[in-house]
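Notes follow the structure.
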Amino acid sequence: MRFIDMHLHTTASDGSCTPSEVCQLAIDRNLAAIAITDHDTVDGVADAITYADNWNSTLPPIQNSDSTNCSGFSDSSDHHIEVVPGIEMSAIYNGVEIHILGFYMDYKNPELISRLAAIKQARYDRNEQMCERFRADGIDMTMEKLQHGNPDTVVTRAHFARILIAEGVCRDMNQAFKKYLGKKCKYYIPTPDIPAADAIRLIRTYGKAAFIAHPLIYGFGYKQIEDMLEELKPYGLSGLEVYHSSNNAYESGRLREIARKHGLLISGGSDFHGAAKPDISVGTGRGGLRITEAVFQDIKKAVTV
């Protein structure tokens, strides 16, 4: 049996590992598939796919009789890896910021790149305003620091937190978010997110599947989650991220039941960020979370029919 991870961040957004490094970590753990899902960008996808292709080219060709079983799943003797081009889009649903995962994105499409660039510019303007608030209180926060010299970086609040820690203003990420970056803090400015329905339509226009990410972190009860799913299904919602580092086993079980009840696909991932979440590894989330290849195969089968 092999495992997968459909929720990974790189230096293209707020992860601390490059796309190639994330791919190598997945190879080291013999994962069958991963999805690169950076915030509002597909910039890290190409590097990860190239790295995986180069790795796969060094391996013997897949022999169905030896490396896969009758269900099409790879066994532990197979070391090939598939990289799914993905994205994690921020959106607004009923006044609450939620995240929507997109899989099998057409990451080279000029129209998609242009639309994401507009979203990125709006996020840049918001981040610059937050920098001004910090500087007004004597904290030297600049976009140059946040982007580490890479203007293509999609800056999130995690980047602000790292600067606050590096400058000795905060001792850790928890303090940074609680005191400076939380939604009730004076330095926080909401991200100019698009409506959830529009985010799903964008993903389905330039990709093959849209999933609500980590649904329990938004403060919704299970009934609210069900209502959200039914409201967003007509816009092309494909599934629900059932397995996530923020869930315990009971919660994942409830979400699995809800997804099946509403005829939705199931996904799962660690939400790996690297240094920002040191208790999460590529392929292994909090509490020893691991996701079997069957989850990925169900998604792949659904989008290729």
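For the sequence shown, my numbering assigns the number 709 to the initial residue and increments by one for each residue that follows.
We treat Cβ as the ideally placed atom computed from N, Cα and C, and that holds for glycine.
In this text, all values refer to a predicted model and were calculated from it rather than measured experimentally.
Return the first residue and the last residue of the alpha helix (DSSP H) that residue i is part of.
i, result
"G961", "957 to 969"
"Y832", "818 to 844"
"P727", "727 to 736"
"H867", "865 to 874"
"R912", "904 to 914"
"K891", "Premise fails: K891 is in no alpha helix (DSSP H) and is neither H nor E."
"I933", "930 to 940"
"M851", "851 to 855"
Check the C-beta distance from residue i over to residue j and give it rounded, since I have them as a contact under 8 angstroms.
i, j, result
"P923", "L963", "7 angstroms"
"M709", "T1000", "6 angstroms"
"L948", "F919", "6 angstroms"
"E819", "A921", "Not a contact, Cβ separation roughly 24 angstroms."
"K756", "I744", "As written in the sequence, residue 756 is Ala, which differs from the Lys given in the question. About 5 angstroms separates the two Cβ atoms, so the contact holds."
"G977", "H715", "2 angstroms"
"S785", "A984", "The Cβ separation is near 34 angstroms, so there is no contact."
"T749", "V730", "Not quite, the Cβ-Cβ distance comes to about 14 angstroms (not below 8 angstroms), so this is no contact."
"V862", "A720", "7 angstroms"
"R823", "L910", "6 angstroms"
According to DSSP, simplified to helix, strand and coil, what is residue i?
i, result
"S775", "Confidence at S775 is low in this model, with a pLDDT of 46, below 50, so its placement is unreliable and no value can be given for it."
"Y951", "strand"
"Y759", "helix"
"A884", "helix"
"P768", "coil"
"A921", "coil"
"L945", "coil"
"V862", "coil"
"Y815", "coil"
Which partner residues of residue i appear in the DSSP bridge assignment?
i, result
"E796", "H747, L809"
"V791", "I742"
"F664", "Because the chain here runs from 709 to 1013, residue 664 falls outside it and cannot be looked at."
"Y801", "V804"
"T992", "S989"
Judging by CA-CA distance, which residue of the options is the nearest neighbour of residue i?
i, options, result
"T1012", "I712, A844, Y812, R968", "Y812"
"I873", "P898, C893, Y951, I847", "I847"
"H807", "G794, N762, N817, K816", "G794"
"Y943", "S798, S765, A917", "A917"
"G915", "P898, L809, S724", "L809"
"M838", "L824, E852, F868", "F868"
"D783", "F711, T899, H717", "F711"
"H952", "D814, R998, E934", "R998"
"K894", "F885, I911, I902", "F885"
"S975", "A741, A760, M849", "A741"
"D987", "A1002, K969, S954, K1008", "S954"
"G752", "R737, L767, V792, N762", "V792"
"Y801", "R841, P900, T758, G876", "P900"
"P945", "S960, D906, H981", "As written in the sequence, residue 945 is Leu, which differs from the Pro given in the question. Selected option, being the one with the closest Cα: D906."
"N738", "I827, N858, K816, D713", "D713"
So residue i is in the beta strand (DSSP E); what residue range does that whole segment cover?
i, result
"A983", "Run containing A983: none; DSSP gives neither H nor E here."
"L973", "973 to 977"
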